[in-house]
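Asker: Here the protein sequences come in this chain order: B and F.
Counting in the UniProt record's numbering, the first sequence runs from 1 upward without gaps.
Counting in the UniProt record's numbering, the second sequence runs from 1 upward without gaps.
Built from N, CA and C at the ideal position, the CB exists for glycine as well.
This structure is in structure tokens; I'll ask about it shortly.
2 protein chains.
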Amino acid sequence: MTYNLAIIGFGTVGQGFAELLQEKRESLKNTYGLEFEVVAISDPIKGSIYENAGVNLKEILTLVKKEGKIDGYAGGIKGWDSIKTIEETNADIIAEATPTNLESGEPGLTHIRTALKRGKHVITTNKGPIALFYRELAQLAKDRGKSLGFEGTVLSGTPAINLSLLTLAGTNISEIIGIMNGTTNYILTQMDAGKDYSEALREAQRLGYAETKPDADVEGWDALAKIVILSNVLMGANLKVSDVEREGITGITPSNIKDAKGEHKRYKLIARAWKENGKVKAKVSPEKVDDGNILFHISGVGNAIQFKTDILGRVTIVGPGAGKRETGFALLNDLISIHRTPMGMKGV
Amino acid sequence: MTYNLAIIGFGTVGQGFAELLQEKRESLKNTYGLEFEVVAISDPIKGSIYENAGVNLKEILTLVKKEGKIDGYAGGIKGWDSIKTIEETNADIIAEATPTNLESGEPGLTHIRTALKRGKHVITTNKGPIALFYRELAQLAKDRGKSLGFEGTVLSGTPAINLSLLTLAGTNISEIIGIMNGTTNYILTQMDAGKDYSEALREAQRLGYAETKPDADVEGWDALAKIVILSNVLMGANLKVSDVEREGITGITPSNIKDAKGEHKRYKLIARAWKENGKVKAKVSPEKVDDGNILFHISGVGNAIQFKTDILGRVTIVGPGAGKRETGFALLNDLISIHRTPMGMKGV
Chain B
1 MTYNLAIIGF
11 GTVGQGFAEL
21 LQEKRESLKN
31 TYGLEFEVVA
41 ISDPIKGSIY
51 ENAGVNLKEI
61 LTLVKKEGKI
71 DGYAGGIKGW
81 DSIKTIEETN
91 ADIIAEATPT
101 NLESGEPGLT
111 HIRTALKRGK
121 HVITTNKGPI
131 ALFYRELAQL
141 AKDRGKSLGF
151 EGTVLSGTPA
161 INLSLLTLAG
171 TNISEIIGIM
181 NGTTNYILTQ
191 MDAGKDYSEA
201 LREAQRLGYA
211 ETKPDADVEG
221 WDALAKIVIL
231 SNVLMGANLK
241 VSDVEREGIT
251 GITPSNIKDA
261 KGEHKRYKLI
271 ARAWKENGKV
281 KAKVSPEKVD
291 DGNILFHISG
301 VGNAIQFKTD
311 ILGRVTIVGP
321 GAGKRETGFA
331 LLNDLISIHR
341 TPMGMKGV
Chain F
1 MTYNLAIIGF
11 GTVGQGFAEL
21 LQEKRESLKN
31 TYGLEFEVVA
41 ISDPIKGSIY
51 ENAGVNLKEI
61 LTLVKKEGKI
71 DGYAGGIKGW
81 DSIKTIEETN
91 ADIIAEATPT
101 NLESGEPGLT
111 HIRTALKRGK
121 HVITTNKGPI
131 ALFYRELAQL
141 AKDRGKSLGF
151 EGTVLSGTPA
161 INLSLLTLAG
171 TNISEIIGIM
181 NGTTNYILTQ
191 MDAGKDYSEA
201 LREAQRLGYA
211 ETKPDADVEG
221 WDALAKIVIL
231 SNVLMGANLK
241 VSDVEREGIT
251 GITPSNIKDA
261 KGEHKRYKLI
271 ARAWKENGKV
281 KAKVSPEKVD
291 DGNILFHISG
301 VGNAIQFKTD
311 ILGRVTIVGP
321 GAGKRETGFA
331 LLNDLISIHR
341 TPMGMKGV
């Protein structure tokens, strides 16, 4: 089976995905019988190409690395915007990798809606549309018999969503607890080693773990988007971003850290969802985690999620939470899932 | 879709599976559109029933709990042995849950071969046939377009096999390291707390974690079967049980434990597989694990497996390694997988 892909958003994640596609072309064919062409790429800054027989991915990747743009590509139709690319190219799978916006979900929301309405499968790493409009988008995909893959919205390619949807299928999840943001875990790990908050933040910024304006991470917004997604997808909730109590790590002091140590505990920014009187609740806040819990031992930019299930008790997955290849991989794995269950995943 | 199941082997695991089927009947139907009848159960001790319209599972479970046998069931054909049950009933999925034999693989091997040759899907928790004859059985399943599910052979229902086959699909696994036997991990945890080996073993036996004749666990055979399965299934190896170096934990002394502590390490029975000069090698032995590794922190009967991948780096799954419901769940999850990809899993 050969798929035509369009990549919408060609920043770090889109490029990471393209690199993996290029690198894994042969093994995808040999292992899964999965073949593909990237027929279109559209990005408001890097430029847009449409070539219905498929672009030369290697050339495109060299070009964007060298020039920061893909406009210099020889051949293909140039200049189509994202919507025209989704609507008018021969792509049958749309890989949506534009930046997250947790207020409107745009532009990803319109991209995903448009693609599904046109009868195309969607794979995305964009937290905004999934955190804000999961129910609507999942229903739209179901109605059209298409897949909506979004593994990369939580813990990059570390299987958080598919772990539960596939390998834990049949269990009932009553609680989810996790360290879902690497930046804040790095800062807290540094504080545990003796730094104060602003020193640790500067260190994280120097290493590229934290943005110049670090609010999305340190105020807990990123973790909040993830716990909303997990609650709605895996626990049947219908939470809004505004339903979730949120506290970041900016108020944690060296004296808090010291007190926790005295109790053999460590502060972690914990995102949790649980059932209370038949309803799913969620919150994000710094919690003192006991050294008997694996989460205590997740240091630096590491991420981990624990699922409390009715049959297996606690199952924990530990892996990377971010990264170009790691997030690009989530799109690749979602693509393989579509190939394996072409009519959309039953029961998802 | 309605499936007819036959359960071959009605000990702890077979009963655990039957209990979960009974408990989850409604949710399997509502969530996945998966319906089933258990048309046959065959066990050399508990007895055998065949009822082509499906047995009353609740009655059977009450009966086996009360009388230790199912012969008293009203209705159905009694007394068919496992082979006749596999060959002549209207079951289209065979759940094989007979005891593991790591020398011949029997009787599970013949059960699985017979079932696949008859064009039936197989789901099993039996380590013997999979550790010894994976290549042959997988090929047989492929040739007949049937599924062979065996999640329960490694870490009970904790997703070890399917995690890699499904959610890590697309990555290349270069190394697998894990604590894959709860009994030995319990004993080592107790020794770490000050007991000597024989005290710790007696404690494990008292709690039902260790057998009266504990060799399969403490000599490393159980972990060995698991690492052979993981190597062959996930790393493309073709290892035999006899290819794997094996050392159990019976030689570990309190003084070893003390020395390890001095280095901030802990002894763990580690099963590992890795690539060396293009070949996959595996071994099972007690190793001193550093406190920077999550495996250091897996205590008691806990199990964990780390996969080293080309794209995601290390991904670790932590969960239960044994148990009636936990192992029964593996069969349930394999059943759901068959339902989702009815023609056998592509690329597996």
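(1) At a CB distance below 9 Å, what residues from the region 314-330 of chain F approach chain B? Give them in sequence order.
(2) Taking the alpha-carbon of B/Phe150 as reference, which of B/Glu103, B/Thr125 and B/Gly33 has the nearest alpha-carbon?
(3) Taking 8 Å as the CB-CB cut-off, is B/Ala193 touching chain F?
(4) Which residues in chain F have a C-beta closer than 7 Å to the C-beta of B/Gly170? List them in chain order.
(5) Which residues in the same chain as F/Lys69 place their Cβ atom closer than 6 Å to its Cβ, once the five residues preceding and following it in sequence are excluded?
(6) Quick one: measure Cβ to Cβ for B/Thr31 and B/Gly157, integer angstroms, because I've assumed they're closer than 8 Å.
(7) Whether or not the region 160-174 of chain B and the region 245-253 of chain B are in contact is what I'm after, with contact meaning three or more pairs of Cβ atoms, one per stretch, closer than 8 Å; do they touch?
(8) When you compare only the Cα positions, how much space is there between B/Asn90 and B/Val64?
(9) Output yes if chain F places a C-beta closer than 8 Å to the C-beta of B/Leu57; else output no.
(10) What are the residues of the region 271-304 of chain B that lie near chain F, defined by any Cβ-Cβ distance shorter than 7 Å?
(11) How long is the line joining the alpha carbons of F/Ile249 and F/Leu207, rounded to whole angstroms?
(12) List the DSSP bridge partners of B/Ser50.
(13) Measure from the C-beta of B/Thr158 to each C-beta in chain F and report whether the shortest distance is under 8 Å.
(14) From F/Tyr186 to F/Val301, what does the alpha carbon distance come to, in whole angstroms?
(15) According to DSSP, is B/Lys146 helix, strand or coil?
(16) Can you tell me the Cα-Cα spacing of B/Gly347 and B/Ser198, whole angstroms?
(17) With distances taken Cα to Cα, identify the nearest neighbour of F/Lys226 among F/Ala304, F/Leu5 and F/His111.
(18) Express the C-alpha separation of B/Ser104 and F/Tyr134 in angstroms, rounding to a whole number.
(19) Are the region 305-324 of chain B and the region 282-289 of chain B in contact at 8 Å, needing three or more beta carbon pairs?
(20) Exposed or buried, which one is F/Ser27 when buried takes at least 16 other CB atoms within 10 Å?
(21) Going by DSSP in three states, F/Pro286 sits in which element: helix, strand or coil?
(22) By the criterion of Cβ-Cβ separation under 8 Å, what are the contact partners of B/Ile176 in chain F?
(23) Would you kindly work out how many angstroms separate the C-alpha atoms of F/Ser147 and F/Ala53, rounded to a whole number?
(24) With a threshold of 16 other CB atoms inside 10 Å of the CB of F/Ala160, please say whether the residue is buried or exposed.
(25) Cβ of F/Leu224 within 8 Å of Cβ of F/Val284?
(26) Tell me which residues share the same chain as B/Met343 and place their Cβ nearer than 6 Å to its Cβ, disregarding the 5 neighbours each side in the sequence.
(27) Between F/Val318 and B/Ile294, which are expected to be in contact by the criterion C-beta below 8 Å, what is the C-beta distance as a whole number of angstroms?
(28) Of the choices B/Lys195, B/Lys58, B/His264 and B/Lys281, whose alpha-carbon is the least far from that of B/Ile229?
(29) Quick one: complete alpha helix (DSSP H) runs, 4+ long, within the region 101-139 of chain B?
(30) Ends of the beta strand (DSSP E) at B/Val318?
(31) What's the gap between the Cα of F/Val154 and the Cα of F/Met180?
(32) Can you tell which of B/Ala169, B/Lys240 and B/Val38 has the C-alpha that lies nearest to the C-alpha of B/Glu59?
(33) Applying a beta-carbon distance threshold of less than 8 Å, which residues of chain F neighbour B/Thr153?
(34) If you check the beta carbons only, do B/Asn162 and F/Thr316 fall under 8 Å apart?
(35) Name the residue from B/Lys24, B/Gly108 and B/Tyr73 whose alpha carbon lies nearest to the alpha carbon of B/Ala131.
(36) Counting only beta-carbon atoms, is F/Arg340 nearer than 8 Å to chain B?
Answerer: If we stick to the structure as given:
(1) Arg314, Val315, Thr316, Ile317, Val318, Gly319, Pro320, Gly323, Arg325, Glu326, Gly328 and Phe329
(2) B/Thr125
(3) no
(4) Lys24, Phe329, Leu332, Asn333 and Ile336
(5) Lys46 and Gly47
(6) Going by Cβ atoms, the distance from B/Thr31 to B/Gly157 rounds to 17 Å, so no, they are not a contact pair.
(7) no
(8) 23 Å
(9) no
(10) Ile294 and His297
(11) 19 Å
(12) For the record, residue 50 of chain B in the displayed sequence is Tyr; it is not Ser. B/Tyr50 is bridged to B/Ala40 and B/Ile77.
(13) yes
(14) 5 Å
(15) coil
(16) Bear in mind that the predicted position of B/Gly347 carries a pLDDT of just 39, short of 50, making it unreliable; the figure below should be weighed with that in mind. Approximately 46 Å, taken between the alpha carbons.
(17) F/Ala304
(18) 51 Å
(19) no
(20) exposed
(21) strand
(22) In chain order: nothing, as chain F lies at least about 15 Å away.
(23) 23 Å
(24) buried
(25) yes
(26) Legend: pLDDT at B/Met343 = 49, less than 50; position of this residue unreliable, no value from coordinates given.
(27) 6 Å
(28) B/Lys281
(29) 108-117
(30) Gly313 to Gly319
(31) 7 Å
(32) B/Val38
(33) The premise fails here: B/Thr153 is roughly 14 Å from chain F at the closest Cβ pair, so nothing lies under 8 Å.
(34) no
(35) B/Gly108
(36) yes
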